[in-house]
RNA sequence: GCCCCUGUAGCUCAGUGGAUAGAGCGACCGCCUCCUAAGCGGUAGGCCGCAGGUCCGAUUCCUGCCAGGGGCACCA
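Next up, the structure:
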């Protein structure tokens, strides 16, 4: 019996008590079932009686006793105790608890899915860094978190679409082009341009792809001639520079295990007339006005602290206008809920995006989800490392992966709550010792894999065997405290997935896996699985082997949600 | 000035109103003739920033204050 099934059982007990006239209270949709820290508080505990007592106008312990009597009649329930102010402490029948292991091995990769958000179409946009430089470490956090979140969403039953918004229009692109051009000429970057070795590398690639550029450069001569040849060269540098930079970003993210469903070009929105269409629609909704030669959206109607310009006085659309067009575009593509993963430096966007949503007639509380993650800072041996993209001194995602590998990089970025600023100590990460919890979790998986290999070598049946009979294993033998702990931990995955999705907190998966790995290691330490020496395998051997296999499945499923590999050997 | 995030063990951080607040690292003491010691057990270490409030019950929710970080463009 899983905790979810137990919760349903308790709800049913409440319903029965109400139907019988024993209790006068509205039957709750769901009840709290938790795993107590104290083993003497049972396998599971529920404060449901405390929660219902007031509404029922009864004493909590009275309500508890009433429900306990009904629960004791349930097949999977061995024992129910009313404790303290009115907690229900529930002990499951051995077979019911052990059934979790069976369920997991039977479900395999699909164990842990929680169909709590079935059918909701959610769009998740993350990273979306300007294509004017490599993926920085700050963006790396959103790559790891965003990708994990998309996997968690999918596991929770959402229909997910992931997107990267490419800012390939506007001033920064021109500045990047100018920087590339300067590099080609061997000149320093313009004052408002981009520096760093990568600019020269991109410049070389631009030249290689455009041999004709050589002549343009020669013809345009000096730096300030401003002629047609110069404009042509600049255009090529901007266009191809951004394209090549974007290709590099895609390759880096792909190497990091992050694949997007859509790379949406801002320029394509402009070219398709989406900005104009968005303004028209906003005008129809009655939120557009003109003042000082500019066109404005009255976002203050919906809580923004000031109105935002859509069209500047010079006739050019603002970046905000493109944001609105993109919002509309996503909604028209059928997404119910638009999720934006942004850094804390963009927190001013919340009000704006909410206003955009509301101006289009949507409900921001329902259609919009702006997640603000705190910044990543770097230190080296405890000393802060200053980074500046403009100055060109920064550590990239690529550097990080080179230093510690994809698994350690992803894991260390995703195991912290988005709400906390994350400080990565490069020395500590580069050390690649067991300081990193990812090894602890992966090691548990490798250790079990080894165990199962050994079992197969002894001729024992494992789930890899097509004829393996899961139901033939006597799971009621799993009664050792460490076995019970492990079964309890394994049963939590679906709930952890559901809460990680609901709270948009993929780090919960990581923390859960660390706890599970510890629980397994303790089980392994106290419970011998395989026969030793001349011993014959027993029913307990089979039961423990099944428990180990279930654990491996949960570890693998959890690591997959984080985009981290589950090695069979370490 | 206004807005957002954070404040929990020496350090880095978990903890969506439940019972005696946890993990990793660091410190100290133990455990491999035995399935992977990248492991396990034990000890030490906490006014959960401060003060009120709501509640049967608050680290969790609300208000105020203190401290640290970030943000407040007709930039992108």
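In UniProt numbering, the protein residues as written are 1 to 570. Ideal Cβ positions, reconstructed from N, Cα and C, are used throughout, including at glycine. Predicted model, so just to flag it, every value in this text is computed and none were measured.
In this structure, the CA atom of residue 235 is about 21 Å from the CA atom of residue 314.
Residue 61 and residue 507 have their C-alpha atoms spaced approximately 37 Å apart.
Taken in chain order, the complete beta strand (DSSP E) segments of 3 residues or longer contained in the segment 129-169 are 159-166.
If you draw a 10 Å sphere on the C-beta of residue 63, you find 16 or more other C-beta atoms in it, and that means buried. For residue 474, the secondary structure class from DSSP, reduced to helix, strand or coil, is coil. If you draw a straight line from the Cα of residue 370 to the Cα of residue 46, it is about 34 Å long. Contact between residue 497 and residue 155 holds: CB atoms are separated by about 5 Å, below the 8 Å threshold. The C-alpha of residue 128 is placed about 40 Å away from the C-alpha of residue 29.
Annotated three-state conformation of residue 291 is strand, per DSSP.
For the options 54, 455, 334, the alpha carbon positioned closest to that of residue 536 is the one of 455. Pairing residue 240 with residue 499, the inter-Cα distance amounts to about 44 Å. If only complete runs of 3 or more residues are kept, the segment 56-132 shows the beta strand (DSSP E) at 77-83, 87-92, 121-125, in order along the chain. Of all C-beta pairs linking the segment 124-144 to the segment 77-88, fewer than three are shorter than 8 Å, placing the two stretches out of contact. In chain order, 236, 240 place their CB closer than 8 Å to the CB of residue 210, counting only its own chain and leaving out the 5 sequence neighbours on each side. Taking C-beta separations shorter than 6 Å and ignoring five residues to either side along the sequence, the partners of residue 522 in its chain run 482, following chain order. Leaving aside the five residues that flank residue 544 on each side, the residues in its chain whose CB is nearer than 7 Å to its CB run, in chain order, 527, 529. Contact annotation: the segment 166-176 touches the segment 130-140, with at least three C-beta pairs closer than 8 Å. In the three-state scheme derived from DSSP, where H, G and I count as helix and E and B as strand, residue 359 is classed as helix.
Taking 7 Å as the cut-off, the Cβ atoms of residue 18 and residue 31 do not count as close. Counted as a single uninterrupted DSSP element, the stretch harbouring residue 412 is not any beta strand (DSSP E) but the alpha helix (DSSP H) occupying residues 397-414. Here DSSP, grouped into helix, strand and coil, assigns residue 417 to coil. Cβ contact annotation for residue 376 (same chain, cutoff 6 Å, sequence separation greater than five): 137, 138, 141, 422, in chain order. Straight-line measurement puts the Cα of residue 199 at about 33 Å from the Cα of residue 353. Note that the C-beta distance between residue 104 and residue 550 is below 7 Å.
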